[in-house]
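In the numbering used here, the protein residues as written are -14 to 161.
Below, the structure is given as structure tokens:
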């Protein structure tokens, strides 16, 4: 089969017919929201609230709490702004917390200094001979330098190999 057999063939007459008969607007048969008119929560909530309020009032009367004992202002929740005393107490508490935070920072820095001093003492105890410690350090430095020199040498060899490979591929492309 050739590529000509696999192309799409449109039914031009059907397309023209659909274009001429289509409506400018589409009618949607479904309601815009899935609202159920048979069930209304507001009515149920009102009935439930009425029953609850009656039962609470009956319970109140049965327990003999018709009269409020004490100051009614204290029983009301206050949504007022805090007083000056409350603000001063809150500010004082904040300042104490801030001071404690900075004391902790200072304590941590003292802890670090203490650990450094302790490490220095430990190093002095371990190295009985200063020359031996210097020799170990010098040996470590030499090994580290040798390691990095080897890494650099290997990286240079890899770069040369990649460059040679790129040159070979350019030559082979030029010959084709």
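Even for Gly, the Cβ is constructed at its ideal location relative to N, Cα and C. Source: prediction; values computed, not measured.
Secondary structure of residue 11, DSSP reduced to three states:
coil
CB contact flag (residue 75, residue 67, <9 Å)
yes
Range covered by the alpha helix (DSSP H) that runs through residue -3:
-3 to 6
So what's residue 119 in DSSP terms, helix, strand or just coil?
In this structure, DSSP gives residue 119 a helical state, which the three-state scheme calls helix.
Which of the three DSSP states is assigned to residue -6 in this structure?
coil
Quick one: Cα of residue -1 to Cα of residue 12, how far?
22 Å
Per DSSP, what kind of secondary structure is residue 18 in: helix, strand or coil?
The three-state reading of DSSP puts residue 18 in coil, since its state is none of H, G, I, E or B.
Can you tell me whether DSSP reads residue 85 as helix, strand or coil?
In the three-state DSSP reduction, residue 85 falls in the helix class (H, G or I).
Does DSSP classify residue 65 as helix, strand or coil?
Here residue 65 sits in coil by DSSP.
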